[in-house]
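For reference, the structure is listed below as structure tokens.
In our numbering, the protein residues as written are 2 to 623.
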């Protein structure tokens with residue numbers, strides 16, 4: 002925007018001027034024009050500003066904590082840039098074009114510091130930053146506007162604003178002053194540190210004022226508010242890291258950075274969030290998650306364990322070396338890996354992400370792989386397969402919970418680190434068994450899926466999409482084993498929901514007197530008709546059997562459907578060598594096999610459920 006302004010071939014004067022907070026607030030009074038919005042900064046914005054200021058301050062203060070503070074010492078402190086603010090002069094008054102929010106906040110910080118210090122000289126200086134004189138009006142606030150004068154008077158006097166808020170600005174000023182007060186009170190600064198910080202705030206926080214002519218104000222205001230685009234966190238992170246390097250290194254490392262993240266344009270922030278979580282977060286923590294999700298570019302430079310591990314801060318020894326190492330080694334490797342797993346058509350990756358929408362998969366893979374990992378391909382496949390297996394076994398045991406699954410995913414980040422791929426099955430089995438023990442209150446678990454538990458999963462307690470996915474995987478297994486093409490792939494079957502194109506859950510046992518007679522009462526019938534062995538998938542709602550149709554008529558419909566349903570018909574077994582061979586293998590492995598069912602009674606339901614259970618054990622390797 003500065004270039005835009007400076008390059009205009011106009012006669013008007015545009016004056017850039019660098020100034021400290023003290024100079025900025027003391028030298029003139031500011032007025033707010035009619036087009037300016039209310040003061041609306043939120044708590045998190047103010048706290049972010051304070052965090053940044055204190056971060057810069059603390060870096061220098063550690064070197065001078067035990068010495069008397071002088072003007073010469075303060076000059077040695079790191080300066081902090083508060084960006085540009087724009088003004089114009091109309092009729093001898095200075096109007097704020099852009100920067101009202103920032104200047105208002107600085108005034109509130111100055112007010113709190115005024116109340117905190119016992120130093121009279123500092124107190125007078127701070128008061129001059131808040132309150133000034135006008136030759137016509139007498140005493141006025143440095144940012145003068147009728148919407149804020151009454152409430153600012155309370156701030157200056159440190160009294161409660163007892164009236165009902167008349168506008169948003171009044172409400173925001175009271176709220177942000179409280180937030181600032183709470184923040185600074187929590188710092189618990191002694192007299193030395195407080196006076197040092199006040200001097201730092203006044204003399205080392207720098208703004209640049211651009212003074213423009215009246216005629217330019219509408220254009221400038223439009224550019225600022227309509228065309229401006231805030232930097233994204235990954236862009237800020239790049240600036241912080243590469244900006245710390247020597248000038249001769251910046252081009253080289255900037256190229257590495259840009260080439261790395263160009264592989265997943267639009268997902269840059271997701272990548273850095275997943276990478277940070279994969280390496281450092283092993284237990285679910287909603288507050289920490291929120292911080293990483295929204296402010297990772299700040300958080301990893303703060304005072305915390307994650308920042309301690311990265312060692313990117315100026316106070317960290319070898320921080321330049323650490324930054325270079327990250328950009329040279331970790332960033333290229335993990336960005337390439339991330340791009341690979343994001344675009345990979347490997348089936349289990351697709352199952353987990355596209356169909357079942359499981360969180361944590363990318364983090365788990367990033368965690369499992371070390372830089373230039375020789376087992377990378379195997380780990381990608383193995384982790385994705387194990388996550389699918391974990392998900393389905395938790396469901397079939399009736400203990401799946403999406404929130405708890407997220408917690409398990411975080412715990413897996415740590416469990417998978419530095420382990421070879423062949424150990425992953427043991428890791429995941431341990432997680433499954435522990436989950437069963439905890440959720441069911443058991444001391445020992447004979448198997449990660451018992452038949453009794455399997456019989457309790459049904460149409461009622463499983464989500465429809467999950468059921469479609471489950472039955473689609475069964476169909477896929479049968480087709481693979483018998484050298485058949487599926488009618489549609491797993492993704493299609495699991496996710497399509499249209500009346501004509503989608504697959505729908507079919508109860509083999511319709512609600513009719515014949516089927517009800519197989520059970521002791523209607524309650525038992527309604528319960529058992531819902532179990533997994535009594536269900537199948539049919540495409541096109543027009544093909545779904547009516548609610549009371551007899552089973553022999555249903556069989557005719559099933560002949561045109563998926564293999565799982567077709568195997569109920571005797572004709573499927575005629576001249577089907579590949580299927581016969583598979584059926585024999587199945588018998589030898591499980592002691593059960595496919596067989597046509599002419600009458601679907603309780604025995605047939607049990608037989609079918611047992612068959613399905615044994616196939617499930619083969620699919621998910623139980």
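All C-beta atoms in this analysis are idealised placements derived from N, C-alpha and C, irrespective of residue type, glycine included.
6 Å CB neighbourhood of residue i in its chain, flanking five on each side removed
i           : result
residue 228 : With a pLDDT of only 45 at residue 228, under 50, the local geometry of the prediction cannot be trusted, and the value read off the model is given with reservation. So the list is empty, once near-sequence residues are dropped.
residue 535 : 509, 510, 606
residue 393 : 621
residue 7   : Confidence at residue 7 is low in this model, with a pLDDT of 40, below 50, so its placement is unreliable and the value that follows should be read with caution. Closer than 6 Å at the Cβ level, and outside the excluded window around residue 7, lies no residue.
residue 352 : 389
residue 192 : none
Exposure of residue i, with buried meaning 16 or more beta-carbon neighbours within 10 Å
i           : result
residue 200 : buried
residue 419 : exposed
residue 189 : exposed
residue 615 : buried
residue 25  : buried
residue 486 : exposed
residue 516 : buried
residue 164 : exposed
residue 590 : exposed
residue 580 : buried
residue 210 : buried
residue 112 : buried
residue 183 : exposed
residue 403 : exposed
residue 66  : exposed
residue 126 : buried
residue 444 : exposed
residue 10  : Residue placement at residue 10 cannot be trusted, given a pLDDT of 35 that sits under 50; what the coordinates show is reported in the next sentence. Label assigned to residue 10: exposed.
CB contact flag (residue i, residue j, <8 Å)
i           : j           : result
residue 297 : residue 324 : no
residue 33  : residue 144 : yes
residue 562 : residue 540 : yes
residue 449 : residue 434 : yes
residue 458 : residue 397 : yes
residue 56  : residue 302 : yes
residue 21  : residue 212 : no
residue 48  : residue 129 : no
residue 257 : residue 332 : yes
residue 265 : residue 340 : yes
residue 238 : residue 23  : no
residue 39  : residue 168 : yes
residue 407 : residue 380 : no
residue 307 : residue 277 : yes
residue 91  : residue 115 : no
residue 410 : residue 364 : yes
residue 569 : residue 556 : yes
residue 496 : residue 293 : no
residue 619 : residue 593 : no
residue 185 : residue 117 : yes
residue 608 : residue 519 : no
residue 338 : residue 369 : no
residue 553 : residue 574 : no
Close Cβ partners of residue i (< 7 Å) along its chain, the five nearest in sequence each way excluded
i           : result
residue 251 : 243
residue 80  : 205, 207
residue 270 : 233, 234, 235
residue 523 : 517
residue 586 : none
residue 551 : 513, 515
residue 1   : Any answer about residue 1 is impossible in this case: the structure gives the chain only from 2 up to 623.
Rounded Cβ spacing between residue i and residue j (contact assumed at less than 8 Å)
i           : j           : result
residue 42  : residue 106 : 6 Å
residue 30  : residue 133 : 5 Å
residue 279 : residue 367 : 4 Å
residue 610 : residue 533 : 7 Å
residue 426 : residue 451 : That pair is no contact at about 19 Å.
residue 254 : residue 328 : 5 Å
Own chain, CB closer than 8 Å to residue i, minus 5 neighbours either side, in chain order
i           : result
residue 538 : 469, 472, 473, 476, 494, 504, 505, 506, 507, 562, 563, 565, 566
residue 174 : 40, 105, 109, 149, 152, 153, 156
residue 330 : 372
residue 600 : 552
Proximity test, residue i beta-carbon vs the ligand FMN heavy atom, cut-off 7 Å
i          : result
residue 47 : This structure simply doesn't include the ligand FMN, nor any ligand for that matter.
Cutoff 8 Å: residue i Cβ touching any chain C Cβ
i           : result
residue 555 : The structure shown has no chain C; it contains just one protein chain.
At which residue ranges does the stretch 258-329 contain complete alpha helix (DSSP H) runs of 4 or more residues, listed in the order of the chain? 269-281, 287-300, 306-311, 320-326
Threshold first: 4 residues or longer. Then list the alpha helix (DSSP H) segments lying entirely within the stretch 232-259, N to C. 234-244
Runs of 4 residues minimum, wholly inside the stretch 101-157: which ones carry the alpha helix (DSSP H) assignment? 101-117, 121-131
Scan the stretch 26-98 and note each continuous alpha helix (DSSP H) run of 4 residues or more that stays entirely inside, going in chain order. 44-65, 72-76
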